[in-house]
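Asker: Protein sequences appear in the order of chains A and B.
The C-terminal residue of the first sequence carries number 114 in numbering that gives the first Met the number 0, and the numbering is unbroken.
The C-terminal residue of the second sequence carries number 203 in numbering that gives the first Met the number 0, and the numbering is unbroken.
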Amino acid sequence: MITAQNVIDAARRKLSDVLDGSAGQRWEDDDLLIYLNQAMQELASRRSDLLLAADMTLNELEEITDATDDLVFESLWREPLATLIAAYALEEDGSDQENAARTLALRAAFEKAIS
Amino acid sequence: MAAPLVSITSGTASLVPFVAPYVRSCPTPVAAQTLCGAAWDWCLATESWRETLSTLLTVEDQAEYTLVLPIDTAANPDVPYPATIIRLLSCTENDYAQRVTLTDRGVLTFSYPPTTDDREIVCKVALQPTPNNALFPDWFVQRWQRGIIARALELLYGMAEKPWTSPAGAAEQRMIFVQEANRAKRELVTERLNGPMRFTMRTL
Chain A
0 MITAQNVIDA
10 ARRKLSDVLD
20 GSAGQRWEDD
30 DLLIYLNQAM
40 QELASRRSDL
50 LLAADMTLNE
60 LEEITDATDD
70 LVFESLWREP
80 LATLIAAYAL
90 EEDGSDQENA
100 ARTLALRAAF
110 EKAIS
Chain B
0 MAAPLVSITS
10 GTASLVPFVA
20 PYVRSCPTPV
30 AAQTLCGAAW
40 DWCLATESWR
50 ETLSTLLTVE
60 DQAEYTLVLP
70 IDTAANPDVP
80 YPATIIRLLS
90 CTENDYAQRV
100 TLTDRGVLTF
110 SYPPTTDDRE
120 IVCKVALQPT
130 PNNALFPDWF
140 VQRWQRGIIA
150 RALELLYGMA
160 EKPWTSPAGA
170 AEQRMIFVQE
180 ANRAKRELVT
190 ERLNGPMRFT
200 MRTL
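1. Of all the options B/Q141, B/L187, B/I70 and B/R118, which has the alpha carbon lying nearest to the alpha carbon of B/V58?
2. Starting from B/Y64, follow its DSSP beta bridges and name the residues at the other end.
3. For B/W73, return the contacting residues in chain A, with the cut-off set at a CB-CB distance below 8 Å.
4. Step through the CB atoms of chain A and report whether any lies within less than 8 Å of the CB of B/A159.
5. Whose C-beta lies closer than 7 Å to the C-beta of B/A62 among residues of the same chain, with five residues either side of it excluded?
6. Mind checking which residues open and close the beta strand (DSSP E) that includes B/T51?
7. Would you give the residue range spanned by the alpha helix (DSSP H) that B/Q141 belongs to?
8. Which residues of chain B have a Cβ atom closer than 7 Å to the Cβ of A/L57, listed in chain order?
9. Could you tell me whether any Cβ in chain B is nearer than 8 Å to the Cβ of A/S74?
10. Look at B/P136 and B/G10 and say whether their C-beta atoms are less than 8 Å apart.
11. Counting only the same chain and skipping the five closest in sequence on each side, list residues whose C-beta sits under 8 Å from that of B/T91.
12. Is B/W48 buried or exposed, if buried means 16 or more other CB atoms sit within 10 Å of its CB?
13. Per DSSP, which one or two residues make a beta bridge with B/V99?
14. Among residues of its own chain, excluding the 5 on either side of A/R25, which ones have a beta-carbon nearer than 6 Å to its beta-carbon?
15. With the cut-off set at 8 Å, would you say A/I7 and A/R77 are in Cβ contact?
16. Please classify A/S47 as buried or exposed, where buried requires at least 16 neighbouring CB atoms within 10 angstroms.
17. Since B/A73 sits in a beta bridge, which residues does DSSP pair it with?
18. Write down the C-beta distance between B/T33 and B/L155 rounded to the nearest angstrom, noting that I regard them as a contact closer than 8 Å.
19. Can you give me the start and stop residues for the alpha helix (DSSP H) that A/F72 sits inside?
20. B/L154 touches chain A at which residues, Cβ-Cβ below 7 Å?
21. What residues from chain B crowd round A/D121, counting only those whose CB sits closer than 8 Å?
22. Considering only C-alpha positions, which residue in the set B/I70, B/C25, B/V15 and B/T51 is nearest to B/L134?
23. Is B/Y80 buried or exposed, if buried means 16 or more other CB atoms sit within 10 Å of its CB?
24. Does the Cβ-Cβ distance between A/A38 and A/I84 come in under 8 Å?
25. Checking the sheet assignment: what are the DSSP bridge partners for B/L56?
26. In chain B, which residues lie with their C-beta within 8 Å of the C-beta of A/S15?
27. If we ignore side chains and look at the alpha-carbon of each, how far apart do A/A88 and A/L51 end up?
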């Protein structure tokens with residue numbers, strides 16, 4: 000089981016948003032939490048098998064409101080989620096050509112990871 | 000607030016029997032959830048969920064009107080005018096010509112407020128589901144079922160390390176999805192402008 004903070008930390012590393020061990024130079028935790036919820040939604044819609052419980056029912060995807068919350072996904076999915084969060088974050092700067100290119104690259108990496 | 004005109008009922012669950020034979024060992028909840036995600040993708044790719052909303056009445060000098068959208072949906076402001084068809088009944092030509100904007104919350108704003116009361120505003124908008132939306136109207140699912148099923152099969156075949164995984168099948172279904180989406184867009188565009196651009200060849 001992974002926590003929201005684990006995924007956010009991984010996303011920050013991808014975004015190079017870690018300075019002297021302290022996070023949050025560019026993107027606020029609250030923003031990344033919103034992106035995390037979007038990313039979980041997208042991952043669940045693409046891979047609904049990841050929500051399948053042992054009793055053959057689907058786990059409910061609950062909104063994450065705190066960084067210490069546990070995610071329903073296994074730790075294997077930390078990197079794909081972090082990749083997607085980074086893509087969402089960089090999409091904010093869509094007018095910047097370099098960031099737009101990085102967004103596409105991150106999305107491609109996400110697609111590769113989930114298939 | 001008036002109840003929405005559109006009733007959203009069983010939706011994509013009715014398509015499970017069409018998908019299950021192709022992914023035999025796939026649990027039904029996974030197939031059902033994937034179909035829902037497929038309908039979501041279809042909706043965003045084609046802008047094909049269009050509804051005529053309940054009629055509003057104009058108020059003199061009031062420029063803003065809030066449309067009643069179905070539950071868990073948003074209006075799609077990206078669909079260019081005149082895809083969003085706003086019709087003012089019994090009004091002058093100037094009313095047709097003026098600029099109208101629509102937000103995703105369904106707030107309709109006329110650049111020039113209507114000059115009289117009680118004209119009917121009939122509005123047809125393209126809707127998009129919100130992330131919470133798991134249910135689509137039956138007519139939507141029935142009309143676009145080929146595209147939705149193709150997308151669902153693409154997603155199911157693309158799930159790694161499952162008994163039903165098939166990269167070749169996913170690619171094939173992807174192709175069908177793209178074809179169907181293009182067909183749907185063509186159909187919607189021709190309908191929205193001049194009616195279907197089809198004709199019957201004369202036979203001698």
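Even for Gly, the Cβ is constructed at its ideal location relative to N, Cα and C.
Predicted model only: the values in this text are computed from it and were never measured.
Answerer: In terms of the structure at hand:
1. Looking at the Cα atoms, B/R118 is the closest of the given residues.
2. When DSSP reads this structure, B/Y64 sits in a beta bridge with B/L107.
3. A quick correction: the sequence has Ala, not Trp, at residue 73 of chain B. Within chain A, no residue comes near B/A73; the closest Cβ sits about 15 Å away, beyond 8 Å.
4. Cβ-Cβ to chain A under 8 Å: yes for B/A159.
5. Excluding positions up to five away in sequence, the list reads T108, F109 and P112.
6. Element bounds for B/T51: R49 to T51.
7. Element bounds for B/Q141: D137 to R142.
8. Result: P28 and Q32.
9. No, no contact with chain B.
10. Against a cut-off of 8 Å, the Cβ pair of B/G10 and B/P136 comes out as a contact.
11. At B/T91 the pLDDT is 49, less than 50, meaning the model places this residue with poor confidence; the figure from the coordinates comes in the next sentence. Contacts found: none.
12. Of the residues assessed, B/W48 falls on the buried side of the cut-off, its CB having 16 or more other CB atoms within 10 angstroms.
13. Beta-bridge pairing by DSSP links B/V99 to B/F109.
14. Excluding positions up to five away in sequence, the list reads D16.
15. Cβ distance not < 8 Å, so A/I7 and A/R77 don't count as in contact.
16. By the 10 Å Cβ count, A/S47 comes out buried.
17. Per DSSP, the beta bridge partners of B/A73 are B/Q127.
18. Separation of the CB atoms of B/T33 and B/L155 is rounded to 6 Å, and the pair is thereby assigned contact status at 8 Å.
19. Careful: A/F72 lies outside any alpha helix (DSSP H) and carries neither H nor E.
20. In chain order, R45 make up the part of chain A whose C-beta sits under 7 Å from the C-beta of B/L154.
21. Residue 121 of chain A cannot be examined here, being either before or after the span of chain A that is shown, 0 to 114.
22. It is B/I70.
23. For B/Y80, the pLDDT reaches just 48, beneath the cut-off of 50, and the residue's location in the model is therefore unreliable, although a value from the coordinates is still provided. So B/Y80 ends up on the exposed side.
24. Yes; because the gap between Cβ atoms is below 8 Å, this pair is in contact.
25. For B/L56, the pairing in a beta bridge is given by DSSP as B/E119.
26. By Cβ distance, chain B contributes nothing, its closest Cβ being about 29 Å from A/S15, past 8 Å.
27. If you draw a straight line from the Cα of A/A88 to the Cα of A/L51, it comes to about 29 Å.
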